[in-house]
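Protein chains in written order, with our numbering: chain A, 638 to 758; chain B, 638 to 758.
Protein chains: 2
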Amino acid sequence: MSEETSTYRVENTESQMRKGFLEFPVLLIIGSKSTYAPDILKQLKTANLLVVEGTLYPLLSRLKRAGLVAYTWEESKTGPPRKMYSITKSGQEVLSKLESSWESLNSSVNSLIKKYEVGKK
Amino acid sequence: MSEETSTYRVENTESQMRKGFLEFPVLLIIGSKSTYAPDILKQLKTANLLVVEGTLYPLLSRLKRAGLVAYTWEESKTGPPRKMYSITKSGQEVLSKLESSWESLNSSVNSLIKKYEVGKK
DNA sequence: TATTAGTACCTTGTATAACAAAGTACCTTG
DNA sequence: CAAGGTACTTTGTTATACAAGGTACTAATA
Chain A
638 MSEETSTYRV
648 ENTESQMRKG
658 FLEFPVLLII
668 GSKSTYAPDI
678 LKQLKTANLL
688 VVEGTLYPLL
698 SRLKRAGLVA
708 YTWEESKTGP
718 PRKMYSITKS
728 GQEVLSKLES
738 SWESLNSSVN
748 SLIKKYEVGK
758 K
Chain B
638 MSEETSTYRV
648 ENTESQMRKG
658 FLEFPVLLII
668 GSKSTYAPDI
678 LKQLKTANLL
688 VVEGTLYPLL
698 SRLKRAGLVA
708 YTWEESKTGP
718 PRKMYSITKS
728 GQEVLSKLES
738 SWESLNSSVN
748 SLIKKYEVGK
758 K
């Protein structure tokens with residue numbers, strides 16, 4: 638029994654791959670220069686990391702709550718005030734660790750690929 | 638209000654980074670050679686991708702249900718019978734796509750690092 | 001033939017990330 | 001003051017990972 642086969646959501650693989658990753662790129666962006674949500678969205682999009690509002694805002698709140706970023710309100714000439722986020726000292730430390738984690742994961746996966754995909758094109 | 642600061646679970650960053658990724662390495666391993674759960678766990682551990690039983694078994698069930706892998710029971714001389722998993726044709730196709738996704742995510746993140754971490758050590 | 005240890009597989013409950021969708025509020029312009 | 005754009009927020013859903021505990025088969029041994 639239970640021989641049913643469901644279709645595999647290929648369209649979601651990139652999205653699934655990103656789970657839990659986003660804090661790294663987002664911290665990277667904020668760490669480089671103070672900025673606000675819609676601009677972060679643009680930068681992520683430019684880097685081909687598509688993210689939506691409903692993902693980013695809660696993420697920023699989490700980073701704030703964790704003390705990794707801080708924000709100040711800033712006037713805008715084109716609309717309502719903006720929450721300008723900047724990275725904290727503790728955020729920089731975490732960012733370093735995230736980068737190490739990334740390197741490590743990266744080399745783990747790439748070594749697996751090398752090991753098992755040799756000779757494929 | 639709400640100025641509390643929670644501690645950031647640094648110990649979990651690697652684990653979080655892996656969310657949604659595992660099907661890629663697991664498919665890679667099974668695609669290379671038929672094998673069974675405890676051996677997959679060993680191979681992942683060797684590659685520094687720590688995973689626990691409670692994660693792997695449901696993942697294998699999902700891959701099976703999706704038709705990406707199949708299994709046959711095989712006798713063992715050292716214990717109970719094993720579910721030997723092998724990749725299916727459809728699994729190979731998904732594996733290719735996952736590899737592309739990985740390359741793409743990889744280069745996206747690395748380009749962000751290059752862009753924003755220039756000059757840091 | 002119980003008992004024990006080792007191997008293999010499975011399930012349940014919890015936490016949490018990502019997302020879609022909808023909503024609130026501010027600002028400028030006509 | 002209505003309309004449109006900008007910015008921020010929230011709610012409900014889906015799905016992954018994990019901890020912890022459980023079931024079951026096999027072989028060795030008392």
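Ideal Cβ positions, reconstructed from N, Cα and C, are used throughout, including at glycine. Everything numeric in this text was worked out from a predicted model, so none of it was measured.
Chain-ordered chain B contacts of residue i [CB-CB under 8 Å]
i: Ser671(A); result: Chain B residues near Ser671(A): none, gap ~13 Å exceeds 8 Å.
i: Ser748(A); result: Ala684
i: Gly668(A); result: Tyr753
Exposure of residue i, with buried meaning 16 or more beta-carbon neighbours within 10 Å
i: Glu660(A); result: buried
i: Thr725(B); result: buried
i: Ser738(A); result: buried
i: Ser745(B); result: buried
Neighbouring residues, chain A, relative to residue i (Cβ below 9 Å)
i: Ile724(B); result: Ordered by position in chain A, no residue passes the 9 Å Cβ test against Ile724(B), which lies about 11 Å from the chain.
Contact check, residue i vs residue j, beta carbons under 8 Å
i: Arg719(B); j: Tyr673(B); result: yes
i: Leu705(A); j: Leu664(A); result: yes
i: Tyr753(B); j: Ser727(A); result: no
i: Pro662(B); j: Leu681(B); result: yes
i: Ser671(A); j: Ser723(A); result: yes
Residue i: contacting residues in chain B (beta-carbon distance under 9 Å)
i: Leu665(A); result: Val746, Leu749, Ile750, Lys752, Tyr753 and Glu754
Contacts that residue i makes with chain A (C-beta to C-beta distance below 7 Å)
i: Pro662(B); result: Val746 and Leu749
Delimiting residues of the alpha helix (DSSP H) encompassing residue i
i: Ala674(A); result: Ala674 to Thr683
Enclosing beta strand (DSSP E) for residue i [first to last residue]
i: Ser723(A); result: Arg719 to Ile724
i: Thr709(B); result: Val706 to Glu711
Alpha-carbon spacing of residue i relative to residue j, whole angstroms
i: Leu735(A); j: Ile666(A); result: 13 Å
i: Thr692(B); j: Val731(B); result: 20 Å
i: Met721(A); j: Trp710(A); result: 6 Å
i: Val689(A); j: Ser698(B); result: 30 Å
i: Asp676(B); j: Ile750(A); result: 17 Å
i: Leu696(B); j: Phe658(B); result: 11 Å
Cross-chain neighbours of residue i in chain A, by beta carbon under 8 Å
i: Glu736(B); result: Ile750 and Glu754
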